[in-house]
Amino acid sequence: MDIRPAGDRALLVETDAPHALRAAVAAAGLPGVAEIVPGERTLLVVFTGPVGDAAGRIAALEVRAAEAGGRLVEVPVVYDGADLAEVSELTGLSVPEVVRRHAAAEYTVAYLGFSPGFGYLTGLDGSLTVPRKETPRTSVPAGSVAIAGPYTSVYPSASPGGWRLIGRTGLRLWDVDRDPPSLLEPGDRVRFRESVGGVT
12 MDIRPAGDRA
22 LLVETDAPHA
32 LRAAVAAAGL
42 PGVAEIVPGE
52 RTLLVVFTGP
62 VGDAAGRIAA
72 LEVRAAEAGG
82 RLVEVPVVYD
92 GADLAEVSEL
102 TGLSVPEVVR
112 RHAAAEYTVA
122 YLGFSPGFGY
132 LTGLDGSLTV
142 PRKETPRTSV
152 PAGSVAIAGP
162 YTSVYPSASP
172 GGWRLIGRTG
182 LRLWDVDRDP
192 PSLLEPGDRV
202 RFRESVGGVT
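Just so it is clear: in the sequence shown, position 51 is 62 by the numbering used here, and no numbers are missing.
This is the structure:
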């Protein structure tokens with residue numbers, strides 16, 4: 012674990028277990044903690060005032076990996092994305108095999124970014140690793156299931172994007188009328204389930 016200042020009111024912690032450390036920091040009740048933001052291999056701890064001796068306290072925390080991980084979110088997917096055939100060509104796998112491998116894995120929400128509710132999901136089968144598109148689309152529909160590099164995700168709202176589209180879901184990942192608005196939170200587990208009857 013490496014802990015560095017991030018300004019005068021925050022600490023950036025490099026760790027192999029950001030979600031477990033997030034839980035430990037939250038449970039420790041450190042004084043003045045305003046926000047805890049996990050990344051893929053980092054944790055940003057923001058304070059209401061100067062950090063004081065917080066670095067030493069965080070370093071002393073006993074971090075236990077969550078036994079069951081975060082909650083499980085199941086995402087129904089119609090695998091008919093505009094780039095599915097291209098992903099098949101890039102990987103050398105048949106379209107049914109691309110679908111099978113994508114739906115077989117259990118993913119973890121490493122962090123949220125890019126747009127509200129956009130979760131970067133780790134756990135993608137290495138054989139499905141493909142680069143982003145050379146020219147991003149100006150508009151990707153909400154609910155598009157996509158892959159790029161070592162990640163998979165669902166576009167929570169219509170936006171530009173360069174990930175390769177392999178399917179779609181009717182599940183709303185971002186809803187301002189829901190509390191919290193994001194369906195996914197860092198540390199959650201996600202499974203994609205092939206839906207042959209259409210988007211639900």
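For glycine and all other residues, C-beta sits at the position ideal for the given N, C-alpha and C.
{"Check": "Burial state of Leu83, where buried means 16 or more other Cβ atoms lie within 10 Å", "Outcome": "exposed"}
{"Check": "Contact set for Ala45: own chain, Cβ-Cβ below 7 Å, skip 5 residues either direction", "Outcome": "Val57, Phe58 and Thr59"}
{"Check": "Residue range of the unbroken alpha helix (DSSP H) whose run includes Gly102", "Outcome": "The sequence given here places Thr at residue 102; Gly does not occur at that position. From DSSP, the alpha helix (DSSP H) with Thr102 extends over Leu95 to Thr102."}
{"Check": "Span of the alpha helix (DSSP H) around Arg112", "Outcome": "Val106 to Ala115"}
{"Check": "Alpha carbon of Ala93 to alpha carbon of Val156, nearest angstrom", "Outcome": "10 Å"}
{"Check": "6 Å Cβ shell around Arg20 - same chain, five flanking residues per side excluded", "Outcome": "Phe58"}
{"Check": "CB contact flag (Leu132, Val120, <9 Å)", "Outcome": "yes"}
{"Check": "Span of the alpha helix (DSSP H) around Gly67", "Outcome": "Ala65 to Ala71"}
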